[in-house]
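Everything below concerns the one structure shown next.
Protein chains in written order, with this note's numbering: chain A, 1 to 142; chain B, 1001 to 1169.
Structure, rendered in structure tokens:
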């Protein structure tokens, strides 16, 4: 048997295989980036919206765990879970001293899409800064 | 004679394998090109939804009192504070001519629909056109209006996936 034709065919098959692999991987990347980026954006904006909503209604500054949990439950989409950790500090002699720390929501779980964010805030008393707060959230797909 | 036949068989098999692989390559190539084109257009739709929702909930519009000066509007926004919605601004947006509101919201050749609901899902108001197209992306924002929690659903939709084209006016 003359093997010269066979070698040429094998060469073409290898080349085509490489092209197919690259195209398949490109397809995979295109599909993956769409879903992840969009899901992450939606979750992140939900988290920041909730913190802003809690702050605007005064619930965040009140630092009451059950009120915060209730407010989150009312608006959080059914397919999301969220954990919120809030810490407040007081300025005592130029040093920020932790005064209160509360959490709301379940423990953070592994999920295909999970994201986190943080926002600082102030509370006031008689037009003076009373305390400095940090609210950090984790949000993920159930 | 026998050597010629062997050559023909070898040739036919070689050509068949080559055509098969070439056809596969062309098929996957076309599929990938279409997918990238579709992805590009879909990304445009998602970016429009992101930008329009941010504009609505974090900006009061240009000028900031556009709801009182309909003739001077250059961009619409609903915010009376950080993620706090003004009911008056929303009422003005809902009452505005659809194509005009589309232009000032900057959604280009896409269509939009905004739904405001309270936290139990009861409808407070709507603006834009109800989606009827095959393609849509939705953004849900959680906001405050009149000291109550309110949910804004913005849908950017279209009958076909086409890149955003901003109109000139």
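For each residue, glycine too, the CB sits at the ideal point set by N, CA and C.
Residue i: contacting residues in chain A (beta-carbon distance under 8 Å)
| i | result |
| --- | --- |
| residue 1024 of chain B | 16, 20 |
| residue 1084 of chain B | 56 |
| residue 1119 of chain B | 74, 75 |
| residue 1149 of chain B | 53, 57, 71, 74, 75 |
Residues that residue i bridges to, as DSSP identifies them
| i | result |
| --- | --- |
| residue 1052 of chain B | None; residue 1052 of chain B has no bridge partner. |
| residue 1031 of chain B | The partner list for residue 1031 of chain B (beta bridge, DSSP) is empty, contrary to what the question assumes. |
| residue 115 of chain A | A:139 |
| residue 87 of chain A | A:101, A:134 |
| residue 1059 of chain B | Partner(s): none; residue 1059 of chain B has no beta bridge. |
| residue 1045 of chain B | Bridge partners of residue 1045 of chain B: none, in fact. |
| residue 123 of chain A | A:131 |
| residue 1021 of chain B | Residue 1021 of chain B is not bridged to any residue. |
| residue 1171 of chain B | In this structure chain B extends from 1001 to 1169, so residue 1171 of chain B is not present and cannot be described. |
| residue 1075 of chain B | B:1062 |
| residue 81 of chain A | A:140 |
| residue 92 of chain A | A:95 |
Extent of the continuous alpha helix (DSSP H) run through residue i
| i | result |
| --- | --- |
| residue 95 of chain A | Taken as a continuous stretch (DSSP letters only), residue 95 of chain A belongs to no alpha helix (DSSP H), being part of the beta strand (DSSP E) at 95-104. |
| residue 1109 of chain B | From DSSP, residue 1109 of chain B is part of no alpha helix (DSSP H); its letter is neither H nor E. |
| residue 1123 of chain B | Not the alpha helix (DSSP H): residue 1123 of chain B falls in the beta strand (DSSP E), residues 1123-1128. |
| residue 1064 of chain B | That residue, residue 1064 of chain B, is in no alpha helix (DSSP H); it is neither H nor E in DSSP. |
| residue 73 of chain A | 65-75 |
| residue 1087 of chain B | 1087-1095 |
| residue 59 of chain A | 59-62 |
Chain B contact residues for residue i, given Cβ-Cβ distances below 8 Å
| i | result |
| --- | --- |
| residue 42 of chain A | 1139, 1140 |
| residue 62 of chain A | Near residue 62 of chain A there are no residues of chain B at all, since even the closest Cβ is about 14 Å away, more than 8 Å. |
| residue 78 of chain A | Ordered by position in chain B, no residue passes the 8 Å Cβ test against residue 78 of chain A, which lies about 11 Å from the chain. |
Contacts of residue i in chain A (Cβ-Cβ under 9 Å)
| i | result |
| --- | --- |
| residue 1143 of chain B | 49, 52, 53, 56 |
Close-in-space but distant-in-sequence residues of the same chain around residue i (CB under 8 Å, 5 per side omitted)
| i | result |
| --- | --- |
| residue 1111 of chain B | 1102, 1128, 1129, 1131, 1133, 1156, 1157, 1158 |
| residue 103 of chain A | 65, 83, 84, 85, 86 |
| residue 1169 of chain B | With a pLDDT of only 47 at residue 1169 of chain B, under 50, the local geometry of the prediction cannot be trusted, and no value is derived from it. |
Where residue i meets chain B, residues with beta-carbon distance less than 7 Å
| i | result |
| --- | --- |
| residue 38 of chain A | 1046 |
| residue 30 of chain A | 1035, 1036, 1039 |
Closer than 9 Å at the beta carbon, the chain B residues around residue i
| i | result |
| --- | --- |
| residue 105 of chain A | Result: empty, since nearest Cβ-Cβ is about 15 Å, beyond 9 Å. |
| residue 46 of chain A | 1140, 1141, 1142 |
Start-to-end residues for the beta strand (DSSP E) that takes in residue i
| i | result |
| --- | --- |
| residue 1152 of chain B | 1148-1158 |
| residue 128 of chain A | 128-141 |
| residue 1139 of chain B | 1135-1145 |
| residue 1079 of chain B | 1079-1081 |
Partners in chain A for residue i, counting only beta-carbon separations shorter than 7 Å
| i | result |
| --- | --- |
| residue 1146 of chain B | Within 7 Å Cβ-Cβ: nothing; residue 1146 of chain B doesn't reach chain A, min ~11 Å. |
| residue 1029 of chain B | 23 |
| residue 1050 of chain B | 41 |
| residue 1021 of chain B | 12, 13, 16 |
| residue 1032 of chain B | 23, 26, 27 |
Contact with chain C by residue i, beta-carbon distance below 9 Å
| i | result |
| --- | --- |
| residue 1076 of chain B | Going by chain labels, chain C is absent from the structure shown, which instead holds the protein chains A and B. |
Residues near residue i by beta carbon distance below 7 Å, same chain, minus five either side
| i | result |
| --- | --- |
| residue 1076 of chain B | 1061, 1066, 1093, 1101, 1104, 1105 |
| residue 16 of chain A | none |
| residue 124 of chain A | 130 |
| residue 113 of chain A | 36, 39, 40, 43, 140, 141 |
| residue 1081 of chain B | none |
| residue 1124 of chain B | 1116, 1117, 1118, 1150 |
Proximal residues to residue i (C-beta, below 6 Å), its chain only, five neighbours per side dropped
| i | result |
| --- | --- |
| residue 76 of chain A | 82 |
| residue 69 of chain A | 104 |
| residue 1009 of chain B | none |
| residue 88 of chain A | 99, 100, 131, 133 |
| residue 48 of chain A | 117 |
| residue 14 of chain A | none |
Q) Quick check: the stretch 1085-1096 of chain B against the stretch 1113-1125 of chain B, are there 3 or more CB pairs under 8 Å? A) yes
Q: Could you tell me whether the stretch 94-103 of chain A touches the stretch 1137-1148 of chain B, using the rule of 3 or more Cβ pairs below 8 Å?
A: no
(Q) Contact between the stretch 1059-1076 of chain B and the stretch 58-77 of chain A is defined here as three or more beta-carbon pairs at a separation below 8 Å; is this criterion met? (A) no
Q.
With three or more C-beta pairs closer than 8 Å as the rule, is the stretch 1007-1027 of chain B touching the stretch 89-99 of chain A?
A. no
**Q.** Cβ pair count under 8 Å reaching 3, the stretch 116-126 of chain A against the stretch 72-81 of chain A
**A.** no
Q | At least three beta-carbon pairs within less than 8 Å, the stretch 1022-1030 of chain B to the stretch 1044-1051 of chain B | A | no
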